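Structure, as structure tokens:
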Ligand code: UD1
Ligand code: UDP
């Protein structure tokens, strides 16, 4: 293989692909790697900071697609990626996760006859109202190689008619990044810097459209204000959520308590905060996984998860898409887990090395 091209666009993409890019550089030193940043995320704290902290090489191509409707964002990536693929002529395109940039890149590549490898294939929430579910199903259907990170992914893919010889169970590359940075984030004590006690606060992130694009957002903020009277709440606010809070400003109510709304924080600080929190409340995919590895109790404000292994094996509890349940969190923390949490198989820091070895052996 002479050249591999990676398409990245959003905060979790950078975390998932940083270790893959460095493992490939080691295992396949004669293979060129080209990095394309679609620009789906563009704020410094949603993009640039990850390149700095994770040592991802500078993008060779920036498509600068920015925000837009699903159709606009997906179409812009396709339109701007096609000439890059024609110029670079890679042997393989690698795409992570389930965002619009992922599907757009996979579709553009296969139409030009370029093989696609999907990292984090086979996750299913069984909820097609989630834009990510559609992106996952379609990307998996057209990828040549499907790298999976949890055992149920194989069944999910085979049920959809995917040839099992194309599926490789390699483990979780997002956890590779966490493991590689353990020495750096564990001493940071970001909580202390923010005036919080270790194990004495609830860390919150929420950004799914089903929760933050409609009437559930003001109810959620109200519930967070209430719970913050019992335990301080630190909420680094995703830009989608921030924009919706500004629109709903007149409906936001609640007084007293200790709810701190801050901008998104860098990755090292965020891992330090996750590690030291009494618990995390989230609707993020990646954060369900990171808390599982760290052993931090995680409460997921969704009706479903495409990552059931984090509930079965790990620290994750599905609360449902129901802001009223936030009030239960202090008692749930007090009661402790209902099973002894563990770490899923192959979430061991070596997934990227396995990917690189598999590709090198072809
Ligand atoms: C996207 C992914 C979602 C993923 C999330 C990770 C899709 C369909 N969704 O959701 O799966 O979990 O990224 O964070 O691909 N914005 C900014 N600055 C930025 C980026 C976004 O202000 O740097 C604001 C804009 O108002 C934009 C909104 O956030 O309209 C949503 O951004 P977008 O990339 O469309 O979707 P996310 O909600 O970030
Ligand atoms: N993250 C971060 N700073 C923050 C919030 C999240 O660095 O303020 C990291 C987090 O550790 C994880 C990733 O961003 O690695 C998750 O991204 P997000 O929740 O936006 O996307 P999802 O995983 O839901 O697709």
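Residue numbers (our numbering): 37 to 398. Even for Gly, the Cβ is constructed at its ideal location relative to N, Cα and C. These figures come from a predicted structure and were not determined experimentally.
query	result
Alpha-carbon to alpha-carbon, residue 267 and residue 27	For the chain, the structure presents residues 37 to 398; residue 27 sits outside this window and is missing.
Endpoints, the alpha helix (DSSP H) within which residue 366 is located	365-371
Closest by C-alpha distance to residue 104, when choosing among 76, 124, 138, 377	76
Outcome for residue 332 when other beta-carbon atoms lying within 10 angstroms are tallied against a minimum of 16	buried
Beta-carbon proximity list for residue 312, same chain, < 6 Å, skipping 5 on both sides	227, 234
Opening and closing residue of the alpha helix (DSSP H) in which residue 266 lies	Counting along the chain, residue 266 falls outside any alpha helix (DSSP H), and DSSP gives it neither H nor E.
When 140, 294, 122, 264 are compared against residue 109, the one with the closest alpha-carbon	140
Cβ shell of residue 295 (< 7 Å), same chain only, five flanking positions each side left out	260, 261, 264, 269, 271
Exposed unless 16 or more other CB atoms sit within 10 angstroms - verdict on residue 327	buried
Nonlocal neighbours in the same chain, by C-beta distance under 6 Å from residue 47, ignoring five residues either side	77, 82
Contact under 8 Å by Cβ, residue 206 with residue 391	yes
Check: residue 82 C-beta below 7 Å from any heavy atom of the ligand UD1	yes
Pairwise C-alpha distance: residue 281 and residue 287	9 Å
Proximity to residue 355 [Cα-Cα], best of 107, 336, 170	336
Opposing strand residues paired with residue 161 [DSSP bridges]	According to DSSP, which records beta bridges pairwise, residue 161 is partnered with nothing at all.
Residue 341 beta carbon near the ligand UDP (any heavy atom closer than 7 Å)	no
Distance cut-off 7 Å: residue 139 Cβ against heavy atoms of the ligand UDP	no
beta-carbon residue 161 near the ligand UDP non-hydrogen atom, thresh 7 Å	no
When 40, 51, 154, 42 are compared against residue 306, the one with the closest alpha-carbon	51
Top-ranked residue by Cα proximity to residue 68, from 329, 39, 383, 168	39
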